[in-house]
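Shown next, in structure tokens, is the structure this report addresses.
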Amino acid sequence: MLHHLLPQEVLTKQEPCNLGLEYTSVQRLEIKGQISVESGSEELCLVVIKGDVFYQHQHETGNVQLCDILYLPIDDSLLLAAENAVVMRFGASCSRKTSFSSILFTDVDADSRHNRYGKACGGTERDVWNCIDEKFDSSRFLVGICFGNLGGWTAWPPHEHGEKREETYCYFNMEDGFGLQCVYDEMGQKDSVVMVQEGHVISIPSGYHPNVGCPKTGLRYIYCMVSKTAEDRNFMDLHTQQIYGDRLE
Numbered sequence: 001m002l003h004h005l006l007p008q009e010v011l012t013k014q015e016p017c018n019l020g021l022e023y024t025s026v027q028r029l030e031i032k033g034q035i036s037v038e039s040g041s042e043e044l045c046l047v048v049i050k051g052d053v054f055y056q057h058q059h060e061t062g063n064v065q066l067c068d069i070l071y072l073p074i075d076d077s078l079l080l081a082a083e084n085a086v087v088m089r090f091g092a093s094c095s096r097k098t099s100f101s102s103i104l105f106t107d108v109d110a111d112s113r114h115n116r117y118g119k120a121c122g123g124t125e126r127d128v129w130n131c132i133d134e135k136f137d138s139s140r141f142l143v144g145i146c147f148g149n150l151g152g153w154t155a156w157p158p159h160e161h162g163e164k165r166e167e168t169y170c171y172f173n174m175e176d177g178f179g180l181q182c183v184y185d186e187m188g189q190k191d192s193v194v195m196v197q198e199g200h201v202i203s204i205p206s207g208y209h210p211n212v213g214c215p216k217t218g219l220r221y222i223y224c225m226v227s228k229t230a231e232d233r234n235f236m237d238l239h240t241q242q243i244y245g246d247r248l249e
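For reference, each letter of the sequence shown is one residue, going 1 to 249 in the UniProt record's numbering.
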């Protein structure tokens with residue numbers, strides 16, 4: 001079921017088998033200087049969670065900052081440089097060639113990829129940015145960012161998509177706040193809730209996975225969904241826990 005990793009535990013690349021997953025790898029890249037990132041047999045999603053980063057891909061250069069994403073195809077490489085930055089590296093096995101892309105958060109925020117779900121009166125309102133959605137040329141990824149309200153719930157009503165997609169969360173930009181992450185198949189399971197803080201990573205092979213933030217900061221996290229069948233990417237292909245709602249709010 002749930003795997004919970006602290007920031008220092010993902011400084012080394014965590015393969016799918018270390019996370020209870022089949023296709024997703026995760027690594028925290030702390031950049032103080034210059035590094036090269038190679039994709040190999042994985043398509044990569046690189047999300048900035050701290051600092052400003054310069055990148056060079058072949059003859060293209062640019063700068064990315066908090067919440068921006070770099071997408072790297074298989075059998076490719078990328079140069080990253082920063083004084084003090086953190087980038088989360090998500091990988092997914094891939095068998096076809098795609099194209100490099102720089103996805104700026106400001107662009108996503110300005111169009112239909114930014115959605116607001118939930119209800120303020122019920123404590124479930126949150127902002128979701130679907131940065132890599134079904135329209136983006138990827139084999140397995142659906143990746144985005146969620147900001148919950150202070151003390152609010154996200155991923156509500158509880159839902160699951162374990163047959164179709166595995167998922168990983170990385171909490172960031174929460175300062176000294178915290179949240180509670182649930183992952184369960186049935187109510188009342190032992191060891192189904194953990195405290196999450198800045199930099200923590202949660203892998204969700206299957207099960208319902210609602211979470212709630214403390215009143216100081218609320219929740220802020222990257223979600224990385226990876227399809228178990230290549231090219232089968234549908235964000236709303238999920239099952240809700242019926243006692244709490246029949247559709248994603």
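Note that CB positions come from ideal geometry on N, CA and C, so glycine has one too.
Backbone CA spacing between residue i and residue j [nearest angstrom]
{"i": "residue 59", "j": "residue 157", "result": "45 angstroms"}
{"i": "residue 13", "j": "residue 25", "result": "7 angstroms"}
{"i": "residue 248", "j": "residue 120", "result": "15 angstroms"}
{"i": "residue 183", "j": "residue 2", "result": "6 angstroms"}
{"i": "residue 194", "j": "residue 92", "result": "25 angstroms"}
{"i": "residue 127", "j": "residue 36", "result": "33 angstroms"}
{"i": "residue 70", "j": "residue 8", "result": "23 angstroms"}
{"i": "residue 111", "j": "residue 104", "result": "12 angstroms"}
{"i": "residue 177", "j": "residue 169", "result": "16 angstroms"}
{"i": "residue 175", "j": "residue 152", "result": "17 angstroms"}
{"i": "residue 123", "j": "residue 76", "result": "43 angstroms"}
{"i": "residue 53", "j": "residue 21", "result": "29 angstroms"}
{"i": "residue 154", "j": "residue 146", "result": "8 angstroms"}
{"i": "residue 212", "j": "residue 221", "result": "12 angstroms"}
{"i": "residue 10", "j": "residue 116", "result": "30 angstroms"}
{"i": "residue 188", "j": "residue 223", "result": "25 angstroms"}
{"i": "residue 204", "j": "residue 167", "result": "5 angstroms"}
{"i": "residue 144", "j": "residue 245", "result": "23 angstroms"}
{"i": "residue 326", "j": "residue 4", "result": "The structure shown does not extend to residue 326, since the chain is modelled only from 1 through 249, so no value can be given for it."}
{"i": "residue 236", "j": "residue 109", "result": "20 angstroms"}
{"i": "residue 114", "j": "residue 217", "result": "20 angstroms"}
{"i": "residue 33", "j": "residue 130", "result": "30 angstroms"}
{"i": "residue 43", "j": "residue 74", "result": "5 angstroms"}
{"i": "residue 226", "j": "residue 215", "result": "31 angstroms"}
Delimiting residues of the beta strand (DSSP E) encompassing residue i
{"i": "residue 54", "result": "53–57"}
{"i": "residue 13", "result": "Here residue 13 belongs to no beta strand (DSSP E), and DSSP marks it neither H nor E."}
{"i": "residue 84", "result": "77–93"}
{"i": "residue 63", "result": "60–64"}
{"i": "residue 195", "result": "193–196"}
{"i": "residue 127", "result": "126–132"}
{"i": "residue 211", "result": "211–213"}
{"i": "residue 201", "result": "201–204"}
{"i": "residue 233", "result": "From DSSP, residue 233 is part of no beta strand (DSSP E); its letter is neither H nor E."}
{"i": "residue 5", "result": "3–5"}
Bounding residues of the alpha helix (DSSP H) (the contiguous stretch that carries residue i)
{"i": "residue 107", "result": "105–109"}
Per DSSP, cross-strand counterpart(s) of residue i
{"i": "residue 28", "result": "88"}
{"i": "residue 50", "result": "86"}
{"i": "residue 69", "result": "47 and 103"}
{"i": "residue 180", "result": "195 and 212"}
{"i": "residue 225", "result": "142 and 167"}
{"i": "residue 36", "result": "79"}
Closer than 9 angstroms to chain D by CB, residue i
{"i": "residue 236", "result": "Annotation note: the requested chain D is absent from the structure, which comprises a single protein chain."}
Checklist entry - Are the region 124–135 and the region 189–200 in contact at 8 angstroms, needing three or more beta carbon pairs? => result Under the three-pair Cβ rule at 8 angstroms, the region 124–135 does not count as touching the region 189–200.
Item to check | Stretch pair the region 137–147 + the region 218–237: three plus CB contacts closer than 8 angstroms | outcome: The way I'd put it, the region 137–147 does touch the region 218–237; three or more beta-carbon pairs between them come closer than 8 angstroms.
Checklist entry - Is the region 77–95 touching the region 17–36 in the sense that three or more CB pairs, one from each, lie closer than 8 angstroms? => result With the cut-off at 8 angstroms, the region 17–36 and the region 77–95 touch.
Item to check | Contained beta strand (DSSP E) runs [length at least 3] in the region 115–170, N- to C-terminal order | outcome: Listed in chain order, the complete beta strand (DSSP E) runs (minimum 3 residues) inside the region 115–170 are 126–132 and 141–148.
Next on the checklist: Could you check whether the region 204–222 touches the region 178–192, counting it as contact only if at least three pairs of C-beta atoms, one from each stretch, sit closer than 8 angstroms?
Outcome noted: Cβ pair count under 8 angstroms is three or more, so yes.
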